[in-house]
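K.L.:
One structure is given below, represented as structure tokens, and several questions about it will come after.
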Amino acid sequence: MEILAFGVQADEKPLMEKAFAGHHDVRCLSVFLTEDTAPIAAGYEIVSTSVNASLDHRVLQTLAAGGTQMIAQRSTGFNNIDLEVAERLGLTVARVSYYSPYSVAEFAWTLALAVNRRIVRASNRTRDFDFRLDGLMGRDLRGRTVGVLGTGKIGEAFTRIAHGFGMNLLGWDVAENPACVDLGMKYVEKERLLAEADLVSLHVPLLPSTRHLIDAAALRSMKDDAILVNSSRGGLIDTEALVAELRAGRFAGVGLDVYEAEAGLFFLDKSLEVVEDDTLARLVTFPNVVVTSHQAYYTEDAVGQIIDTTVRNVLDYTAGRRSENVLVPRVS
Ligand code: NAD
Numbered sequence: 001m002e003i004l005a006f007g008v009q010a011d012e013k014p015l016m017e018k019a020f021a022g023h024h025d026v027r028c029l030s031v032f033l034t035e036d037t038a039p040i041a042a043g044y045e046i047v048s049t050s051v052n053a054s055l056d057h058r059v060l061q062t063l064a065a066g067g068t069q070m071i072a073q074r075s076t077g078f079n080n081i082d083l084e085v086a087e088r089l090g091l092t093v094a095r096v097s098y099y100s101p102y103s104v105a106e107f108a109w110t111l112a113l114a115v116n117r118r119i120v121r122a123s124n125r126t127r128d129f130d131f132r133l134d135g136l137m138g139r140d141l142r143g144r145t146v147g148v149l150g151t152g153k154i155g156e157a158f159t160r161i162a163h164g165f166g167m168n169l170l171g172w173d174v175a176e177n178p179a180c181v182d183l184g185m186k187y188v189e190k191e192r193l194l195a196e197a198d199l200v201s202l203h204v205p206l207l208p209s210t211r212h213l214i215d216a217a218a219l220r221s222m223k224d225d226a227i228l229v230n231s232s233r234g235g236l237i238d239t240e241a242l243v244a245e246l247r248a249g250r251f252a253g254v255g256l257d258v259y260e261a262e263a264g265l266f267f268l269d270k271s272l273e274v275v276e277d278d279t280l281a282r283l284v285t286f287p288n289v290v291v292t293s294h295q296a297y298y299t300e301d302a303v304g305q306i307i308d309t310t311v312r313n314v315l316d317y318t319a320g321r322r323s324e325n326v327l328v329p330r331v332s
């Protein structure tokens, strides 16, 4: 059988082809799955999609009408998939429920450290042979307080690194993680975490209940000189409200690997086009903000695991085996 894979980065293509070799052929497309590209999938029983595919009801209907029966999503998060519609259309959707949480946790720290120590600005200066230190002062992390919203696999890996820095650990989650408690994490209400933390890092999934978890009120309740890092999903932050706080001169640094309107932008080269997104355009002008384009997962290790699991999900489906990676609709 030939599988159609959307949104495959150039680095990933040889890895995909190697992993599927001996099982199925795979046709790798660099374009993402959207309403416009969905018709390409006609005749493909199995389609593999990437994190920014928009699997809404229209796209799912087009896929089902074209004969697709299985979607192998190459990510952990699945907020981009309308699972109820998929179920109604009889589509099997599988995701990658686990891959190296260290890829994302280490990247969240990369952003936190970059904004704290003004690395991007410093690097830009030295390229210009400007070796002054003005404006580059950061803060020691040791003894400061980190607030981790979501202490699952990635939140725990992030917390272990925070522990290594000698930070005080505050956590917020619907369920306490005993490994984090063992590291000394204190679970508190979100309001207290936001008010006390010097660094806030987001690691909860995007659900209806977590959309704009960091809204205008939450942002206002944070310390003026706090650092905010989001490597989870853009929709967790009300970006307009964040821009308003940044305009007021607040926050020592903000590191964003995700952005709520990233679909149609991130992973693509838009450098020669007129910028349509005024919010993002404003966001990247702040000297204390670093934005990256959803690359936290992008390590050899994590991508290799994502592809291996995707192949396994496809083989489970074709063999009619049950898999815990198959998604079913839920209500939260
Ligand atoms: P996980 O399921 O192991 O952990 C999520 C945690 O959030 C759990 O402890 C859960 O109890 C908690 N949680 C869920 N709903 C909650 C709610 N309503 N309120 C409070 N806590 C809640 O997931 P993970 O592997 O740690 O991944 C976390 C998120 O990271 C993913 O959902 C995904 O959005 C994001 N992610 C981003 C990238 C990237 O490249 N930027 C890559 C992978 C994952």
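Each residue of the sequence shown is one higher than the one before, counting from 1 in my numbering.
Ideal Cβ placement from N, Cα and C applies to all residues, glycine included.
These numbers come from a predicted model, not from an experiment.
(1) I need the residues with a C-beta less than 6 Å from some heavy atom of the ligand NAD; please give them in chain order.
(2) Could you name the residues of the same chain whose beta carbon sits closer than 7 Å to that of ALA19, not counting the 5 residues immediately before and after it, in chain order?
(3) For TYR187, does the three-state DSSP call read helix, strand or coil?
(4) Quick one: Cα of LEU199 to Cα of VAL115, how far?
(5) Pull up the DSSP beta-bridge partners for SER48, would you.
(6) My output table needs one value for THR126: the three-state DSSP class, helix, strand or coil.
(7) Put ALA94 into one of helix, strand or coil per three-state DSSP.
(8) Can the beta-carbon of THR340 be found less than 8 Å from the beta-carbon of GLY7?
(9) Label GLY22 either buried or exposed according to how many other C-beta atoms from any shown protein chain fall within 10 Å of its C-beta, with 16 as the threshold for buried.
(10) Taking only the alpha-carbon atoms, compute the straight-line gap between HIS24 and SER323 and give it to the nearest angstrom.
(11) Go ahead and label SER332 buried or exposed: buried means 16 or more other beta carbons lie within 10 angstroms of its beta carbon, across all protein chains shown.
(12) Using DSSP bridges, identify the partner residues of ASN230.
(13) Pick helix, strand or coil for MET16, following the three-state DSSP scheme.
(14) Per DSSP, what kind of secondary structure is SER332 in: helix, strand or coil?
P.N.:
Well, looking at it:
(1) THR76, GLY77, PRO101, VAL104, GLY150, THR151, GLY152, LYS153, ILE154, GLY155, ASP173, VAL174, ALA175, HIS203, VAL204, PRO205, LEU206, LEU207, SER209, THR210, SER231, SER232, ARG233, ASP257, VAL258, HIS294, ALA296, TYR297
(2) Position 19 of the sequence shown, counted from the first residue, corresponds to residue 19. These residues qualify, in order along the chain: ILE307, ASP308, VAL311.
(3) Locating residue 187 in the sequence shown gives position 187, where the first residue counts as 1. Looking at TYR187 - three-state DSSP - the assignment turns out to be strand.
(4) Locating residue 199 in the sequence shown gives position 199, where the first residue counts as 1. Locating residue 115 in the sequence shown gives position 115, where the first residue counts as 1. Each residue's Cα considered, the two are about 11 Å apart.
(5) To locate residue 48, count along the sequence shown from 1; it is residue 48. Per DSSP, ALA5, ALA72.
(6) Counting from 1 along the sequence shown, the entry for residue 126 is found at position 126. Correct three-state label for THR126: helix.
(7) The sequence position of residue 94 within the sequence shown is 94, counting from 1. Correct three-state label for ALA94: strand.
(8) One cannot answer for residue 340 here, as it falls past the ends of the chain, which runs 1 to 332.
(9) Here residue 22 refers to the residue found at position 22 of the sequence shown. The residue is exposed, with fewer than 16 neighbouring Cβ atoms inside 10 Å.
(10) Position 24 of the sequence shown, counted from the start, is the residue given in the question as residue 24. Position 323 of the sequence shown, counted from the start, is the residue given in the question as residue 323. So the two alpha carbons sit approximately 19 Å from each other.
(11) Counted from its first residue, the sequence shown places residue 332 at position 332. In this prediction, SER332 scores a pLDDT of 45, lower than 50, which makes its location untrustworthy; the coordinate-derived value is nonetheless stated afterwards. Its Cβ having fewer than 16 others within 10 Å, SER332 is exposed.
(12) Position 230 of the sequence shown, counted from the first residue, corresponds to residue 230. ASN230 is bridged to LEU202, LEU256.
(13) The count along the sequence shown starts at 1 and reaches residue 16 at position 16. MET16: helix per DSSP, three-state reduction.
(14) As a first step, residue 332 must be located in the sequence shown, where it is residue number 332. Any reading at SER332 must be qualified, since the residue scores a pLDDT of 45, below 50, and its modelled position is unreliable; no value is offered.
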